[in-house]
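Read in numbering that gives the first Met the number 0, the sequence shown has 89 at position 90, and its numbers run on one by one without any break.
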Amino acid sequence: MNILTIDNITKAYGERKLFADASFYLAEGEKAGIIGINGTGKSTLLKIIAGLEEPDEGRVIKANHCMVRFLPQNPQFGEKETVLEAVLRDNRSAENESTIEADAKSMLTRLGVTDFEQPCGQLSGGQRKRLALVSVLLSTAEILVLDEPTNHLDNEMAGWLEEMLKKRRGAIVMVTHDRYFLDSVSDRIIEIDKGSIYSYDTNYSGYLELKMQREEMALASERKRASIFRNELAWVQRGARARSTKQKARLERFEELKNRQTPVTDGQVELSSAVSRLGRTTVELEHISKTYGERKLIEDFTYFFLKNDRIGFIGPNGSGKSTLMKIIMGEIQPDAGTVEIGQTVRLGYYAQEIGDDLMTPNQRVIDYIRDEAEFVTTEEGKISATRMLERFLFAGEDQYGLIGKLSGGERRRLHLCRVLMSAPNVLLLDVNCSTLLRCA
């Protein structure tokens with residue numbers, strides 16, 4: 000039984016069309032993953048399913064009495080609301096009154112949140128995301144709509160969530176960049192590709208094979224079209240005239256072949272190494288310690304980073320990975336120990352959370368990059384801000400659009416572009432690499 004039908008929806012922002020007459024359905028108990036390159040409208044589709052946005056055309060049809068709960072990328076809570084109050088607010092009922100609080104505390108503890116009376120205004124972005132995740136998991140809704148549920152989860156937490164979702168009887172629609180997680184949980188893949196929606200009754204591994212077959216068929220069809228078009232073009236160039244019904248039909252077929260859209264391939268981000276001399280001394284940490292209250296994050300840590308090092312920081316949430324990066328950047332001072340940065344070192348820091356303090360919503364994309372630099376020198380020579388943006392898939396009019404209209408993935412890509420425009424020779428990436436670690 001279908002509990003959700005997306006019927007020929009169209010959605011556009013200005014001249015930018017995300018969907019055009021797109022359709023798919025969700026059956027009871029199905030677990031669907033939505034995939035597509037940045038900016039294709041994945042989060043917008045989730046909001047349409049959740050009823051937070053309306054399509055410009057088409058319909059969203061839900062089964063009678065079907066309840067939907069939505070997990071946003073960046074959830075918000077009341078500043079003075081406590082952790083437990085926030086989680087329980089939308090989940091209390093007469094049926095679960097005796098168990099809901101215990102269940103909430105158990106889930107919060109599994110996700111590293113143990114102070115149930117802490118005000119939400121004191122929480123980090125990652126902690127707020129985990130609160131929202133617990134609130135959604137406690138729900139009895141028939142459909143859970145999850146936007147990046149594994150963000151801010153370490154490997155153990157992601158594994159726990161994976162099992163929770165696999166056991167859940169209700170339907171799930173989610174967007175996640177964790178391909179291992181998607182492969183394990185999903186039994187349907189919904190692909191958004193150039194305004195169209197393609198549905199595959201399989202998990203992510205099966206989707207990859209079916210997508211390759213679809214693209215091979217499209218390319219074969221294009222080769223056939225091109226061959227026929229060349230023959231028909233030669234016929235037209237010999238002076239064909241529509242003096243008969245047959246010739247008129249052939250000319251019409253030629254026009255149709257000429258105007259038919261050819262398959263469009265997705266762009267690829269191009270990264271170039273900035274040319275910036277790096278001396279013998281890079282970053283040297285000696286006997287670093289850092290404590291917050293009774294929490295000892297780092298104790299007597301010493302490490303000398305060498306040229307061409309590729310270092311990964313791993314550990315559970317709250318263990319001090321981001322704190323260590325901020326100590327290197329000079330944003331946080333250690334309680335003890337010293338940090339020496341070489342004279343030739345140019346640090347570039349890609350932050351985990353990109354708020355309005357890093358990106359102003361009403362600023363133009365091109366101005367955001369030019370504020371850092373007009374040009375960057377790479378191994379290929381000087382590259383302008385405009386050319387660098389093109390390499391990061393912001394071409395033409397996209398460069399003059401407002402940051403506030405970008406998707407979450409596009410904002411992250413733009414932020415990385417700006418970091419690289421500073422020509423760093425030591426790059427710190429504060430990102431969730433659980434997908435790489437789980438697949439290694």
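Glycine is no exception: its CB is placed at the ideal position from the N, C-alpha and C atoms.
Item, Value
"Could you say if the segment 399 to 411 and the segment 369 to 377 meet the contact criterion of at least three C-beta pairs nearer than 8 angstroms?", "no"
"The alpha helix (DSSP H) that contains alanine 49, what's its start and end?", "41 to 49"
"Spatial neighbours of leucine 277 within its chain, please: C-beta separation below 8 angstroms, excluding the five flanking residues on both sides.", "Lys306, Gly341, Thr343, Val344, Asn424 and Val425"
"Identify, in the order they occur along the chain, each residue of the same chain with its Cβ nearer than 6 angstroms to the Cβ of serine 382, setting aside the five sequence neighbours on each side.", "Note on residue identity: the sequence assigns isoleucine, not serine, to residue 382. Result list for isoleucine 382: Val375, in chain order."
"Could you check where the beta strand (DSSP E) with phenylalanine 69 kicks off and where it finishes?", "67 to 70"
"With DSSP collapsed to three states, give me the class of glutamate 28.", "In the sequence under discussion, the amino acid at residue 28 is glycine, which differs from the glutamate named in the question. Residue state, collapsed to three classes: coil."
"Checking the sheet assignment: what are the DSSP bridge partners for leucine 401?", "Arg363"
"Helix, strand or coil: how does DSSP classify lysine 180 here?", "Note on residue identity: the sequence assigns phenylalanine, not lysine, to residue 180. Three-state result, phenylalanine 180: helix."
"Tell whether a beta-carbon distance below 9 angstroms holds between isoleucine 287 and valine 338.", "yes"
"Let me know the secondary structure DSSP gives lysine 166 once reduced to three states.", "helix"
"Give the DSSP-derived three-state secondary structure of aspartate 192 in the structure shown.", "strand"
"Identify which residue in Ala350, Leu346, Met387 and Gln351 has its Cα closest to the Cα of valine 364.", "Met387"
"Apply the 10 Å Cβ neighbour rule to methionine 156 and answer buried if 16 or more other Cβ atoms are within range, or exposed otherwise.", "buried"
"Excluding the 5 residues flanking aspartate 299 on each side, which residues of the same chain have their C-beta closer than 7 angstroms to its C-beta?", "His286 and Ser288"
"Check whether the Cβ of glutamate 53 lies closer than 8 angstroms to any heavy atom of the ligand COA, and answer yes or no.", "Among the ligands in the structure shown, none appear at all, so the ligand COA cannot be discussed."
"How is isoleucine 171 classed by DSSP in three states: helix, strand or coil?", "strand"
"Which of helix, strand or coil does DSSP assign to arginine 276?", "coil"
"Leaving out five residues before and five after serine 421 in sequence, what residues of the same chain have Cβ atoms less than 6 angstroms from its Cβ?", "Gly347 and Glu371"
"Do isoleucine 36 and isoleucine 5 have their beta-carbon atoms positioned less than 9 angstroms apart in this structure?", "no"
"What does a CB cutoff of less than 7 angstroms around glutamate 27 pick up in its chain, not counting 5 residues either side in sequence?", "Met0, Ile2 and Ala170"
"Who pairs with glutamate 56 in a beta bridge, going by DSSP?", "Thr9"
"Using only the alpha-carbon positions, how far apart do leucine 419 and isoleucine 33 sit?", "30 angstroms"
"Give the C-beta separation of proline 11 and isoleucine 189 to the nearest angstrom, bearing in mind that I take them to be a contact with Cβ-Cβ under 8 angstroms.", "The sequence shown places alanine at residue 11, not proline. At roughly 19 angstroms, the Cβ-Cβ gap does not stay under 8 angstroms, so alanine 11 and isoleucine 189 are not in contact."
"Just reading off the beta strand (DSSP E) that glutamate 298 is part of, what are its end residues?", "294 to 304"
"Rounded to whole angstroms, how far is the Cβ of glutamate 84 from the Cβ of glycine 120, which I believe are closer than 8 angstroms?", "Incorrect: roughly 12 angstroms between the Cβ atoms, too far for contact."
"Spatial neighbours of leucine 130 within its chain, please: C-beta separation below 8 angstroms, excluding the five flanking residues on both sides.", "Pro74, Phe76, Val82, Ala85, Val86, Leu107, Val112, Cys119 and Leu122"
"Could you tell me the boundaries of the alpha helix (DSSP H) in which threonine 322 lies?", "320 to 328"
"Determine the DSSP secondary structure at valine 344, reduced to helix, strand or coil.", "coil"
"Residues in the same chain with beta-carbon distance under 8 angstroms from glycine 40, minus the five sequence neighbours each way, listed in chain order, please.", "Lys10, Leu17, Phe18, Ile191 and Ser406"
"Looking only at DSSP bridge pairs, what is asparagine 1 linked to?", "Ala26"
"Quick check on the burial criterion: 16 or more other C-beta atoms within 10 angstroms. Buried or exposed for glycine 408?", "buried"
"Taking the beta carbon of alanine 103 as the centre, do at least 16 other beta carbons fall within 10 Å, making it buried, or is it exposed?", "buried"
"Is it a yes or a no for the segment 53 to 61 touching the segment 202 to 209, going by three-plus beta-carbon pairs under 8 angstroms?", "no"
"Excluding sequence positions up to five away, which residues of its chain have a Cβ less than 7 angstroms from the Cβ of alanine 140?", "Met66, Val67, Arg68 and Gly169"
"If we call anything under 9 angstroms between Cβ atoms a contact, is proline 315 one with isoleucine 326?", "no"
"Give me the residue from Val133, Ile142 and Ser138 with the minimum Cα distance to methionine 148.", "The sequence shown places proline at residue 148, not methionine. Per the Cα distances, Val133."
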